[in-house]
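The C-terminal residue of the sequence shown carries number 352 in this note's numbering, and the numbering is unbroken. We put the CB at the ideal spot given by N, CA and C, even for glycine.
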Amino acid sequence: MGCRPILKSEKGEMMARLMKNPEFRQRQWDHRYDHHIAPINQYVDTLRKQAEKGSVPYVPPMYGGINARLLSLMRDPGPMTQDAAGGSGFICMENDDPTAERISNYFAGVHIPAGDIVPWNAYPWYINRKPRVAELEAGVLPLKGIIDLLPNLCVVMLHGGEAKDLWKRLLKRFPEMARVRALGTYHTSAQAFWTPDPTEKARRKKHLVDSFIQAAEILQRETPSGFSMWPDVPTMQFTGEDVRTEPRVFDIPADTRRNVDHTGRVTAHNEGQKSRNISEGVKRSWENQDVREKRLQHHAVKVHRNGTFVGDFSSLYQAFKILGLPVSKHIPFRKKLKQDGRLPFNDGSDIYDFEILPPI
């Protein structure tokens, strides 16, 4: 009996429209609760219980799951995600449709493998039309839930106006998400490039290509953002692998570690070990309520990035930590900020505008 050939996507490489292959599709279905993808698809199961909103396609195990470093955000699930309609039952760039084929080819063109990616939709339930404002608002928490499962996340690609709109809504409700680099660009559907102006059409295509190139460069040079469901604890564990994250300097439970197994269950236990990320002196000072209130009053800041409001932070140090800025520069910057009250900070790729808030 001859050996079955291994399909490219089973090795982490993308090859467009593989979901039309029944054998490939069945293997993806059979393995949709493998360890690396189980937390994501179990979260999908919770969304599926909201039956009045429609069905939610699973994420196939060919993708990176909780190990992914790039989140690809589209508008809403297309018809080929629906198994009842002859589709795959998955949100997948290997689905048998032109939009999926294009994005698969774009990723292949910049050598970003499937193992680095998790796909998602601004409105994750199937509606097969443009989401309304209320539906986009309903997509905020599901997106936050997915990001919480991606401790290695470095960059989010926002494809189309709805994806960019949802990201703004997410930042408004969860300003700490500004730490994740987001690239706004065009959708890969043919409709996104329809225009009677050939120059404009070429510009849109170039913008999309450049965004994929930029995403690949970010993956090559940047470390993960370190987001998790519990951003205030020093470590997380997924299926036995310890993933380091940067704890916040405020309210750090010094001796706590929480674990997530492949079923998504959470356990907490004491490690008997102090966090190595901040000094004992700093930790003790924050335990002093008077010191804490003084710092909150005198160092709270409002932050804009590239003209867009990010959020209010209880201290400049906190803002630098959460936004992924070089913490070593916050002290000299703070001295100038206290003199001027408002000051820009350029990290080489974005311009942040810091403003001291009045005492509480």
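Rounded to whole angstroms, what's the CA-CA distance from residue i to residue j? Just pull it up for me.
| i | j | result |
| --- | --- | --- |
| T237 | A311 | Low confidence applies to T237: its pLDDT is 31, below 50, so where it sits in the model is not reliable, and the reading given next is rough at best. Going by the C-alpha atoms only, they are around 16 Å apart. |
| R61 | I95 | 17 Å |
| R173 | K330 | 28 Å |
| D68 | N87 | 14 Å |
| W186 | K193 | 7 Å |
| A126 | S64 | 22 Å |
| K160 | G299 | 13 Å |
| K164 | G303 | 7 Å |
| G333 | D339 | 19 Å |
| K12 | D89 | 10 Å |
| F337 | I323 | 13 Å |
| M149 | F166 | 18 Å |
| I210 | L10 | 28 Å |
| S203 | L175 | 7 Å |
| R24 | F305 | 39 Å |
| D357 | N59 | For residue 357 there is no data in the structure shown, the boundaries of the chain being -7 and 352. |
| F301 | E15 | 48 Å |
| I83 | V48 | 9 Å |
| I29 | H151 | 23 Å |
| A170 | H296 | 10 Å |
| L317 | D22 | 42 Å |
| L141 | P31 | 7 Å |
| Y309 | A208 | 30 Å |
Can you say whether residue i is buried or exposed, counting buried as having 16 or more other CB atoms within 10 angstroms of its CB?
| i | result |
| --- | --- |
| R120 | In the sequence as presented, Arg is not what sits at residue 120; that position holds Asn. N120 is exposed by the Cβ-count criterion. |
| R17 | buried |
| A114 | buried |
| R326 | buried |
| H199 | exposed |
| S320 | exposed |
| I205 | exposed |
| E168 | buried |
| K354 | Because the chain in this structure spans residues -7 to 352, residue 354 falls outside the shown range and cannot be described. |
| A182 | exposed |
| T73 | buried |
| D189 | exposed |
| A343 | Reading the sequence as shown, one finds Ile at residue 343 and not Ala. Classification of I343: exposed, given that the 10 Å Cβ count is below 16. |
| S80 | buried |
| E154 | buried |
| P123 | buried |
| Q42 | exposed |
| P111 | buried |
| D108 | buried |
In the DSSP output, which residue or residues are listed as bridge partners for residue i?
| i | result |
| --- | --- |
| R334 | E347 |
| D304 | K294 |
| S203 | Partner(s): none; S203 has no beta bridge. |
| M149 | S64, L175 |
Does DSSP put residue i in a helix, in a strand, or in coil?
| i | result |
| --- | --- |
| R173 | strand |
| S80 | coil |
| L65 | strand |
| V51 | coil |
| H322 | helix |
| W186 | coil |
| N113 | strand |
| T38 | helix |
| Y25 | coil |
| P71 | helix |
| G299 | coil |
| L315 | helix |
| R165 | helix |
| V125 | helix |
| G131 | coil |
| I138 | helix |
| S96 | helix |
| P14 | helix |
| G56 | coil |
| G340 | coil |
| P90 | helix |
I'd like to confirm something about residue i: is its beta-carbon nearer than 7 Å to some heavy atom of the ligand NAP, or not?
| i | result |
| --- | --- |
| R334 | Absence of the ligand NAP from the depicted structure is noted, as is the absence of any ligand whatsoever, leaving it without description. |
Original post:
Given 8 Å as the limit, is there contact between the stretch 98 to 107 and the stretch 119 to 137, that is, 3 or more CB pairs closer than that?
Top reply: no
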